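Residue numbers (this note's numbering): 2 to 133.
See the structure below:
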């Protein structure tokens, strides 16, 4: 039975890896120009924002660092959720393992809510203080 599953899995890997053809991607300048043409008319998407600000400002660097930290926290949250889900699925009816997985999921969700609420609060207050 295991040999049959391995053969089928191997066939799928060979089949799907042979379907991966190289493509010519659109360059960034054409994509930005297309966005400006389609969404720029209604001012829905402004791609020129980066050019308006000096990238050497402390606030710009702090924003980049905060964005990097939030990206890492998002990856950490995803990892915790996947780990807790796998832990729950492989618990085999063990109530203690299920409780541990539930607690891990609840704590991860509470943590991500606190982090993004703090980011939203500081972002809002930062804009309000900078505009006045």
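Think of the CB as a built atom: it goes at the ideal place given N, C-alpha and C, for glycine as much as any other residue. Note that the coordinates shown come from a computational prediction; the quantities given were computed from them, not determined experimentally.
Cα atoms of residue 70 and residue 3: separation of roughly 43 angstroms, rounded to the nearest angstrom. Across the set 64, 82, 112, the C-alpha of 82 shows the shortest separation from the C-alpha of residue 102. Taking the Cα positions, residue 8 is about 53 angstroms away from residue 61. Residue 100 and residue 58 have their C-alpha atoms spaced approximately 48 angstroms apart. Rounded to whole angstroms, the Cβ separation of residue 88 and residue 98 is 6 angstroms, and the two are in contact under 8 angstroms. Only residues of its own chain outside the window of five on either side were considered, and among them 105 have a CB closer than 8 angstroms to the CB of residue 84, listed in chain order. For residue 79, the closest alpha carbon among the candidates 109, 92, 130, 93 is that of 109. Comparing C-alpha distances from residue 68 to each of 96, 92, 117 shows the shortest one belongs to 117.
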